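Colleague:
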Amino acid sequence: MVLAIAILIISIIIALLYIPKLKKQQETKTILVFSILLLIGTALNMGIALKINIPSPLDFITFIFTPIKDFIVSLTK
Amino acid sequence: MEKEIISSRQFTIITFLLSIGTAILIVPSSIASSSKQDAWIAASIGVVLSLLVVKLFLTLGNQTPTLNFIEANEKILGRFFGKITVIGFLSLTLFAGGELLYFIGAFMKTEVMPETPTMAFALLFIIIIMYATYLGIENFARSAEILFPMFVLIFIFFVVSITPQIKFENIQPIMEASKTSILYSIIRFISVFSFSLVMLLMIYPASVNVQQSSKKGFYIGMLLGGFVLVTLITLSILVLGPANTASRTFPSYALAQRISIGNFLQRIEIIMAFMWIVSIFIRTFMYFYTTVVGIAQIMKLKDHRPLILPMGIIMVGLSQIVHPDIVHSNIYNDEIWPIYAFVCTILLPILLLIVAVIRNRKSQGNEAKTVNGENKQENEANAGNADSNQQSQTNTNNTDSNHQNQDNTNNSDSNQQSQTNTNNTDSNHQNQDNTNNSDSNQQSQTNTNNTDSNHQNQDNTNNSDSNQSNQTNTGNTNSNQEHQPKSDNAKTNQENQE
């Protein structure tokens, strides 16, 4: 719990460091991409800190490519 | 984004260390488990086949000389399909980067510091990588240049000090493994070894100063990296034996633990671990850099630097969730990763290459027509001026496209060597016929522009003379006077291009 809050505070600090600077340069698109990525990263790390079971993204990749793998294996047998 | 240029030597070093990458840690056990004592044969064949992979990357790189891989995707496939393929490619680099952080954490945790959580290693590693990405590819290339001699020294020391323990019984009988198992080993080896070299397309044509020698450097770096890997695989089979190599997670570390010179120089494996920490650093940096720059480019951002911190946070998080355990990682790396990497790093460039060639052929036809038309117009203008016979001679030379084109490439080559101007190099490589046509066009334009002053006019005629002499293959008879105007003309060409 403490760790999750620490991650949240770090993310807020990063956001406060970058967003005003970007706002001054009027790069709205950069701010948008930056905030989305930061949000994803913070959520991910808070999930890990709270020991929530997050499925591996590679499981999805495995799910996509398993038929191809089976096909190749069946060819070489 | 300002343009960053690295030298071809730095490029070679990056290729070398990138191709070694994680392969040095995980490949020996992975391929020894399928082809036993013949793993070294599979690895050697894999290195040879990687030449083809490098050839593919180089051909693609030369198709789009001013762009990196991400921009080339969008240029060649169009905005919409380009974005889809780029997202597919970036998913590979993002997950692979997270995986590498997982590897370094798992390696340190299992072999060196068992009590420390893997998050700590991933965090320390990503801080270095974020800093390197913030400083840019030039600084990274310089640091690779510093790390390279240390790597080589440690590798030579490693090989020399492990040699006394070689038992040749371990490698016999040779050629016993079945063809399918060898095939699987080759696929696994190539997928870890040379597929990741596609990331060099992020820097290869656009930010390398001399293209010709860095082309050579691409091959040399890859072959040297392959040599290091084959040596390591052979050594681990010779010293540890095939069964032991296959059952270890990190055989090269186990190999380093065996080093014992006169029962005195022992336990130096952590110095050896410097090798794979360096190579993993290089590879993780390339994955991270590709991801960050790629995201910035598909979103059309001016600067990629603000994205570094959030991406670093995401990657640290990924390193914790990509593999719940080492079994998951082994299965993924042996079975899924080769296919996934093949689709994103081999099929995608092949697709790009085919589309680019077709599009080039189309645009070439169009451009040739327009060039001819312009030449005609200028001929008429010259006839109106009725300036001199010599001028019309130059124009006829221009309409003789092929020979003149050769002269032009010669000129721009000399420019390359003297100034190493990348813009110039790029235009030279880009569809050799097209730009050359436009070059000849530019030349004729300079001719018409220069008709005012007599002096320069003479230069032009001299140039046409030299061109003619080149055509008749008596280029050696060029006097000094003829050389000077030639260089002048080259300069004007350059100015026109800029």
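Chains as they are written, first to last, in the numbering used here: chain A, 97 to 173; chain B, 623 to 1120. No residue lacks a Cβ here, since even glycine has one placed at the ideal position from N, Cα and C. Since this is a predicted model, take the numbers as computed values, not measurements.
1) If you measure beta-carbon to beta-carbon, which residues of the segment 924 to 937 of chain B are closer than 9 Å to chain A?
2) If contacts are defined as beta-carbon pairs under 8 Å, then Ile920 (chain B) and Lys731 (chain B) qualify, I think. What distance do you get, rounded to the angstrom?
3) Three Cβ pairs or more, each shorter than 8 Å: is that satisfied between the segment 682 to 689 of chain B and the segment 939 to 959 of chain B?
4) Indicate whether at least one CB of chain B lies closer than 8 Å to the CB of Val98 (chain A).
5) Please give me, in chain order, every unbroken run of the beta strand (DSSP E) with length at least 3 that falls completely inside the segment 920 to 949 of chain B.
6) Would you say Phe161 (chain A) lies against chain B (beta-carbon separation less than 8 Å)?
7) Using a beta-carbon distance below 8 Å, is Lys125 (chain A) in contact with chain B?
8) Run the CB neighbour count on Val670 (chain B), radius 10 Å, all protein chains shown included, and call it buried at 16 or more, exposed below.
9) Entirely within the segment 638 to 691 of chain B and at least 4 residues each: give me those alpha helix (DSSP H) ranges in chain order.
10) Looking only at DSSP bridge pairs, what is Leu887 (chain B) linked to?
11) Would you tell me roughly how many angstroms separate the C-alpha atoms of Ile105 (chain A) and Gly137 (chain A), rounded to the nearest one?
12) Measure from the C-beta of Leu154 (chain A) to each C-beta in chain B and report whether the shortest distance is under 8 Å.
13) For the segment 776 to 796 of chain B, which residues have a beta carbon sitting closer than 8 Å to at least one beta carbon of chain A?
14) Any Cβ of chain C within less than 8 Å of the Cβ of Ile646 (chain B)?
15) Looking at C-beta atoms only, is the number of pairs between the segment 148 to 162 of chain A and the segment 931 to 950 of chain B that lie closer than 8 Å three or more?
16) Within this structure, are the beta carbons of Ala664 (chain B) and Ser813 (chain B) separated by less than 8 Å?
17) For chain B, check one thing: does any of its Cβ atoms lie closer than 8 Å to the Cβ of Ser147 (chain A)?
18) Here's the rule I'm using: 16 or more other beta-carbon atoms within 10 Å means buried, otherwise exposed. How should Thr1096 (chain B) be labelled?
19) Our contact map puts Ile897 (chain B) next to Ile776 (chain B) with C-beta atoms below 8 Å; I'd like the distance itself, whole angstroms only.
20) Starting from the C-beta of Met752 (chain B), find all residues in its chain whose C-beta is less than 6 Å away, skip the five residues before and the five after it, and write them out in chain order.
21) Which chain A residues sit within Cβ distance under 7 Å of Glu957 (chain B)?
22) Just curious, the alpha helix (DSSP H) that Tyr114 (chain A) is in, first and last residue?
23) Touching or not, the segment 650 to 660 of chain B and the segment 858 to 877 of chain B, by the rule of three or more beta carbon pairs under 8 Å?
24) Determine the direct distance from the alpha carbon of Trp662 (chain B) to that of Asn1032 (chain B), and round the result to whole angstroms.
25) Under 8 Å between the Cβ atoms of Ile646 (chain B) and Ile904 (chain B)?
26) For a cutoff of 8 Å on Cβ pairs, would you count Gln1039 (chain B) as touching chain A?
27) With 8 Å set as the bound, which would you pick, yes or no: does the beta-carbon of Met730 (chain B) sit closer than that to a beta-carbon of chain A?
28) Considering only the beta carbon of each residue, do Leu140 (chain A) and Ile726 (chain B) sit closer than 8 Å?
29) Near Thr913 (chain B), which residues of its chain fall below 7 Å by C-beta distance, leaving aside the five closest residues on each side in sequence?
30) Using the three-state DSSP reduction, which class does Val708 (chain B) fall into: helix, strand or coil?
31) Is there a Cβ from chain A that is less than 8 Å from the Cβ of Pro946 (chain B)?
32) If contacts are defined as beta-carbon pairs under 8 Å, then Pro827 (chain B) and Gly683 (chain B) qualify, I think. What distance do you get, rounded to the angstrom?
33) So, does the CB of Tyr954 (chain B) fall closer than 8 Å to a CB anywhere in chain A?
34) At the level of alpha carbons, what is the spacing between Glu798 (chain B) and Phe161 (chain A)?
35) Would you verify that the beta carbon of Gly1131 (chain B) is, or is not, closer than 8 Å to some beta carbon of chain A?
Modeller: With the given structure in hand:
1) Those residues of the segment 924 to 937 of chain B placed with their C-beta closer than 9 Å to a C-beta in chain A are Lys924, Asp925, Pro928, Leu929, Leu931, Pro932, Met933, Gly934, Ile935, Ile936 and Met937, ordered along the chain.
2) About 35 Å separates the two Cβ atoms, so there is no contact after all.
3) no
4) no
5) none
6) Yes, Phe161 (chain A) lies at the interface with chain B (some Cβ there is under 8 Å from its Cβ).
7) yes
8) exposed
9) 645 to 657 and 661 to 685
10) B:Ile883.
11) 13 Å
12) yes
13) none
14) Among the protein chains in the structure shown, which are A and B, there is no chain C.
15) Yes, they touch.
16) Taking 8 Å as the Cβ cut-off, Ala664 (chain B) and Ser813 (chain B) do not qualify as a contacting pair.
17) At residue 147 (chain A) the sequence reads Lys, which differs from the Ser that was named. It does not; no Cβ of chain B falls within 8 Å.
18) For Thr1096 (chain B), the pLDDT reaches just 36, beneath the cut-off of 50, and the residue's location in the model is therefore unreliable, although a value from the coordinates is still provided. Counting Cβ neighbours within 10 Å, Thr1096 (chain B) comes out exposed, since fewer than 16 surround it.
19) According to the sequence shown, residue 897 (chain B) is Met rather than Ile. Rounded, the Cβ-Cβ distance is 5 Å, consistent with contact.
20) Ile930 and Gly934
21) Correct list: Lys165.
22) Where Tyr114 (chain A) is concerned, the enclosing alpha helix (DSSP H) stretches over Val98 to Lys120.
23) Contact annotation: the segment 650 to 660 of chain B touches the segment 858 to 877 of chain B, with at least three C-beta pairs closer than 8 Å.
24) For Asn1032 (chain B), the predicted structure reports a pLDDT of 40, less than 50, and the residue's modelled location is therefore unreliable. A value from the coordinates is still provided. Taking the straight line joining both Cα atoms gives about 45 Å.
25) no
26) Low local confidence applies: a pLDDT of 39 at Gln1039 (chain B) is under 50, so the model's placement there is unreliable, with the coordinate-based value given in what follows. No, Gln1039 (chain B) does not count as interfacial toward chain A.
27) Any Cβ of chain A closer than 8 Å to the Cβ of Met730 (chain B) would place that residue at the interface, and such an atom is absent.
28) no
29) Leu712, Thr715, Leu716, Gly719 and Met933
30) helix
31) yes
32) 4 Å
33) yes
34) Distance between the alpha carbons of Glu798 (chain B) and Phe161 (chain A) is about 31 Å.
35) A query on residue 1131 (chain B) cannot be resolved here, the shown segment of chain B reaching from 623 to 1120 and no further.
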